[in-house]
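Asks: Okay, here's the structure, questions in a sec.
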Amino acid sequence: MQVVEKLKTRKFSVQLNESTLRDSEAVLIIYLRYVYKGNFAEEMFCKSLESTTTSKDIFNKLKTFSDSNNIPMKNITSCASDGIPIMMGKENGYLKLMKEENSNMLLVHCVIHRENLVAKYISPVVNVIFNLAIKCINATKANAKRECFFKSFWEEQNEDHIHVRLILHTDVRWQSKGIFLNRFMVLFDTLSDFFKRKT
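One point on numbering: in the numbering used here, the residue at position 29 of the sequence shown is 43, and numbering is uninterrupted.
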């Protein structure tokens, strides 16, 4: 059974996040959770936001998807979002528009982004190590020529592996920290050898 068909007949929760990709394309990421055959099922949708990213645009994107697929908005039992004004605004925020559409909907304010910003100051030792990893990656990606040298060096060292790109960390996206550190550890030995050869 297709996801859309399932959503027509059962209650589900949504979590939304508006994000901007590297090429400045705004996207709406919608995470769904519902019960199917006695188990929790999770799905993720991603829709482009073609023009602006106002609360009305975000609401209209979900509403249009819902209406065009005959999914009743009353099936959405709860909606979670982060605390940015376009989502939380009392006058015209996205969650207010959702509540107007379905007055029984539970609204949840997600604070994980703020918790992540606080977490970096809790453990000074971990923060020092993390900042050293950032400096190492930034030094490698400082210019296109150096990054090209690293790619060639990686291919010499790892002939049977596909080249793994370095990822820059950003404080804006909380997910970035885990992805960044994971990639750093995958490349640790090669980065270490690369810097030894350079010095």
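Cβ coordinates follow ideal geometry from the N, Cα and C atoms, glycine included.
Please look up how many angstroms separate the CB atoms of residue 167 and residue 204, rounded, as I've assumed it's under 8 Å.
Replies: Right, their Cβ atoms sit about 7 Å apart.
Asks: What does a CB cutoff of less than 8 Å around residue 119 pick up in its chain, not counting 5 residues either side in sequence?
Replies: Result list for residue 119: 90, 91, 92, 93, 112, 113, in chain order.
Asks: Would you give the residue range spanned by the alpha helix (DSSP H) that residue 112 belongs to?
Replies: Per DSSP, residue 112 belongs to the alpha helix (DSSP H) from 108 to 115.
Asks: What does residue 61 pair with, by DSSP beta-bridge criteria?
Replies: Answer is 42.
Asks: I need the DSSP call for residue 141, collapsed to helix, strand or coil.
Replies: Looking at residue 141 - three-state DSSP - the assignment turns out to be helix.
Asks: Indicate whether the contact test is met: 3 or more Cβ pairs, each with one atom in the stretch 49 to 57 and one in the stretch 74 to 89, closer than 8 Å.
Replies: With a cut-off of 8 Å, the stretch 74 to 89 and the stretch 49 to 57 do not count as touching, because too few Cβ pairs lie within range.
Asks: Less than 9 Å separating the beta-carbons of residue 67 and residue 40?
Replies: Yes.
Asks: So what's residue 16 in DSSP terms, helix, strand or just coil?
Replies: In this structure, residue 16 counts as coil in the three-state DSSP scheme.
Asks: Would a C-beta distance cut-off of 9 Å place residue 45 and residue 57 closer than the cut-off?
Replies: Going by C-beta atoms, residue 45 is nearer than 9 Å to residue 57.
Asks: Please report the straight-line C-alpha distance between residue 153 and residue 199, rounded to a whole angstrom.
Replies: Approximately 16 Å, taken between the alpha carbons.
Asks: Which residues in the same chain as residue 161 place their Cβ atom closer than 6 Å to its Cβ, once the five residues preceding and following it in sequence are excluded?
Replies: Same-chain partners within the cutoff: 155.
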